[in-house]
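Residue numbers (this note's numbering): 1 to 116.
Glycine included, every Cβ here is placed at the ideal spot set by N, Cα and C.
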């Protein structure tokens with residue numbers, strides 16, 4: 001949901017997270033570079049604060065809790081797919097791509113570059 005970070009990061013067990021990851025991955029596989037460029041900008045202040053929070057959490061977790069990166073980047077991508085692109089979208093896609101097999105990572109990386 002849109003309202004809190006904690007249920008996504010702390011309450012979900014591995015099976016719940018895996019289902020969410022598969023859902024986001026499936027949605028993202030259907031997004032083309034053209035689709036991404038045509039997405040509306042994220043304008044809702046609450047969503048922008050939430051994506052800013054997750055971006056900061058990704059930076060911190062890289063050093064403190066690296067295994068959380070996949071959860072955090074999944075949420076960043078999910079927010080983008082649900083609410084539009086923001087100044088954090090390109091970096092979110094790159095971080096997410098780092099967790100994927102090379103072919104899909106390359107495709108998502110190219111999409112991220114197109115936002116640059």
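Beta-carbon contacts of residue 11 that lie in its chain and below 8 Å, excluding the five residues immediately before and after: Note that residue 11 has pLDDT 46, beneath the 50 cutoff, so the model's placement of it is unreliable and no number is given.
Spatial neighbours of residue 99 in its chain, beta-carbon cut-off 6 Å, leaving aside the 5 residues before and after: 70
Counted within 10 angstroms of its Cβ, other Cβ atoms place residue 52 as buried (16 or more) or exposed: exposed
Run of the alpha helix (DSSP H) containing residue 40, from where it starts to where it stops: It is not in any alpha helix (DSSP H) - residue 40 carries neither H nor E in the DSSP assignment.
Three-state secondary structure assigned by DSSP to residue 31: coil
Residue 88 versus residue 101: straight-line alpha-carbon distance, rounded: Answer to the nearest angstrom: the Cα atoms are 22 Å apart.
Residue 113 versus residue 96: straight-line alpha-carbon distance, rounded: 14 Å
Identity of the residue in 40, 17, 26, 29 nearest residue 115 by Cα: 40
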